[in-house]
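Trainee: Below: one structure in structure tokens.
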Amino acid sequence: MRALVLAAALVLAGCASAPPPPPPVVNAAALTVDGVRLDPEGAIDPALLREALASYARHYGTVREETRIFDLPGRRIESRVSPIRRDMISVVDFRIPANRPRWFMIDLKSGAVTAFRVAHGRNSDAAGPMTPLPGRLAATGGAVRASNLLDSNETAVGAYVAANQYEDGFAPGSVRLHGLDETNSCAYWRALVMHQARYMTPDPGNGQVGTSDGCLAVEVDQRPIVADWIRDGGFVYAGPVSLHERSVADGLSSQAACEAVRLKPENGPQPAPPPS
0 MRALVLAAAL VLAGCASAPP PPPPVVNAAA LTVDGVRLDP EGAIDPALLR
50 EALASYARHY GTVREETRIF DLPGRRIESR VSPIRRDMIS VVDFRIPANR
100 PRWFMIDLKS GAVTAFRVAH GRNSDAAGPM TPLPGRLAAT GGAVRASNLL
150 DSNETAVGAY VAANQYEDGF APGSVRLHGL DETNSCAYWR ALVMHQARYM
200 TPDPGNGQVG TSDGCLAVEV DQRPIVADWI RDGGFVYAGP VSLHERSVAD
250 GLSSQAACEA VRLKPENGPQ PAPPPS
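Next up, the structure:
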């Protein structure tokens, strides 16, 4: 009888779910995660990397698996959110000129960094607020301002978790993003995503690239690589946070709340981002 009880206990123990792994050990001052020195070649501004690591430590373990809904006119978008991963993080330094690689993917196992070009919002550009024109307006350098407001067409800074890859007409698709901070809490309702854009390949004549409406747009041939890096729980830190301009949208976390303070109420619910 005792043997049967022991056997049953062993079976139950085997069926029990394994405890989650411990959170990563982040030392922002030393630029390490689990003892691994990140970016040993110094590609990323150390102050920004420390800002990103402090944010990673603060947000890790706070995101649960869920489906978030975004209702558009005649269409419903479902975004599958995953917990923050612990194998990678990425950092965007929007101060770097847009025609230079400035989205840094960091392998937390080795500390190695791979960088890609990425757009900033057209109204975040140093040239000042821009009126939409045919084609994409060229960036004059890095971003100088950021906003959480709908219709701002500005970059939003802060921590993001990358959600699912979705079909946008360019297989294998783009990646939805969810803001985790007060400075980018309306990002999902702004339809800010990672997508590809032809305008992010530098012009062969002058080296210029274009601007987005706030999305993290990357070069066409780099988009599948970036998507593989970040999708399904990748942690993205876009900064520095000093670029943020405070607004009534800061900290709002629902579609209704974010749309209630949008700059152009006549626009109504955001349209789905078009393929680029």
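Numbered continuously in numbering that gives the first Met the number 0, the sequence shown closes out at residue 275.
Think of the CB as a built atom: it goes at the ideal place given N, C-alpha and C, for glycine as much as any other residue.
(1) Counting only C-beta atoms, is residue 75 closer than 9 Å to chain C at any point?
(2) So, with DSSP's three-state summary, where would you put residue 137?
(3) With distances taken from CA atoms, which of 176, 109, 60 and 226 is nearest residue 189?
(4) Quickly, what does DSSP pair residue 243 with across the bridge? List them, please.
(5) I need the DSSP call for residue 236, collapsed to helix, strand or coil.
(6) So the candidates are 29, 158, 60 and 62; which of them puts its Cα closest to the Cα of residue 46?
(7) Can you name, in chain order, every residue of its own chain whose Cβ lies under 7 Å from the Cβ of residue 42, other than the five neighbours on each side?
(8) So for residue 261, helix, strand or coil by DSSP?
(9) Within 10 angstroms of its Cβ, does residue 203 collect 16 or more other Cβ (buried), or is it exposed?
(10) Indicate the three-state DSSP secondary structure (helix, strand or coil) for residue 227 in the structure shown.
(11) Grouping DSSP H, G and I as helix and E and B as strand, with all else coil, what is residue 275?
(12) Give the DSSP-derived three-state secondary structure of residue 92 in the structure shown.
(13) Go ahead and pull the three-state DSSP assignment for residue 59.
(14) Excluding the 5 residues flanking residue 200 on each side, which residues of the same chain have their C-beta closer than 6 Å to its C-beta?
(15) Quick check on DSSP: helix, strand or coil for residue 44?
(16) Tell me whether residue 261 is buried or exposed, calling it buried when 16 or more other Cβ atoms sit within 10 Å of its Cβ.
(17) Look up residue 293 in the DSSP assignment and give the residues it is bridged to.
(18) Mark residue 192 as exposed unless 16 or more other C-beta atoms lie within 10 angstroms of its C-beta, in which case mark it buried.
(19) Answer yes or no: do residue 278 and residue 182 have a C-beta to C-beta separation smaller than 9 Å?
(20) Please identify the residue among 178, 187 and 247 whose C-alpha is closest to the C-alpha of residue 235.
(21) How about residue 148 and residue 185: are their beta carbons less than 9 Å apart?
(22) What are the partner residues of residue 113, as DSSP defines its beta bridges?
Mentor: Quick look at the numbers:
(1) Looking for chain C here will not work: only one protein chain is present.
(2) strand
(3) 176
(4) 145
(5) strand
(6) 29
(7) 103, 112 and 114
(8) coil
(9) By the 16-neighbour rule on beta-carbons within 10 angstroms, residue 203 is exposed.
(10) Assigned with DSSP and collapsed to three states, residue 227 falls in helix.
(11) Interpretation of residue 275 is limited by its pLDDT of 41, a score under 50 that renders its predicted location unreliable; the figure taken from the coordinates is listed afterwards. Note: residue 275 maps to coil in three-state DSSP.
(12) strand
(13) coil
(14) 218
(15) coil
(16) buried
(17) Only positions 0 to 275 of the chain appear in the structure, and residue 293 is not among them; the question remains open.
(18) Taking every protein chain shown into account, the CB of residue 192 has 16 or more other CB atoms within 10 angstroms, so this residue is buried.
(19) Outside the displayed span of the chain (0 to 275) sits residue 278, for which this structure offers no information.
(20) 178
(21) Going by beta carbons, residue 148 and residue 185 fall inside the 9 Å limit.
(22) 104
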